[in-house]
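Visitor: Here it is, the structure in full.
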Amino acid sequence: MSYPVTYYCPHCETVVELQREGYLADKAVTPYPFEGWSYAEADDDFEDADGVHFVCGESGTLHDPEAAGCGRDFYLSFVKFENGVELDPRQPSETVELADDSRPRGPRGPTGPGGPSYF
Numbered sequence: 001m002s003y004p005v006t007y008y009c010p011h012c013e014t015v016v017e018l019q020r021e022g023y024l025a026d027k028a029v030t031p032y033p034f035e036g037w038s039y040a041e042a043d044d045d046f047e048d049a050d051g052v053h054f055v056c057g058e059s060g061t062l063h064d065p066e067a068a069g070c071g072r073d074f075y076l077s078f079v080k081f082e083n084g085v086e087l088d089p090r091q092p093s094e095t096v097e098l099a100d101d102s103r104p105r106g107p108r109g110p111t112g113p114g115g116p117s118y119f
């Protein structure tokens, strides 16, 4: 069974309405897509996607027919799991390992009258 659910455009606060199933859990509405999420258009079948791409005033149904919308993109992201763990889109998708050597690399400091000067 589908239900009408409303969302605010993060740019201009126009309210859009989307008919969707109740089992889909919302993560966030943002002016940008999350890295690694796949988005379907509001008019397409979005149940297998990770979220929905809106164009304010053009996608979904305007909750207030007098509102025009700003025409900018925004994104509804659903909760997403990988191996039974909820993914956090704020976490980096890759880890970076820094060198273990603590010695500074690059030029040594200036030399004075008594020989090299090290900081």
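Read in order, the letters of the sequence shown are residues 1 to 119 in the UniProt record's numbering. Ideal Cβ positions, reconstructed from N, Cα and C, are used throughout, including at glycine. Small disclaimer: the values here were computed from a predicted structure and weren't measured.
With 16 other CB atoms within 10 Å as the buried threshold, where does Y23 fall?
Guide: That one is exposed.
Visitor: For S77, count neighbouring Cβ atoms within 10 angstroms of its own Cβ and tell me buried if that reaches 16, exposed if not.
Guide: Answer is buried; the Cβ neighbour count reaches 16.
Visitor: Report yes or no: do the segment 12 to 20 and the segment 44 to 57 share at least 3 C-beta pairs separated by less than 8 Å?
Guide: Output reads yes: the segment 44 to 57 touches the segment 12 to 20.
Visitor: Give the C-beta separation of Y7 and V29 to the nearest angstrom, bearing in mind that I take them to be a contact with Cβ-Cβ under 8 Å.
Guide: Right, the Cβ-Cβ distance comes to about 5 Å (below 8 Å), so this counts as a contact.
Visitor: So, with DSSP's three-state summary, where would you put K80?
Guide: DSSP places K80 in coil when its eight states are reduced to three.
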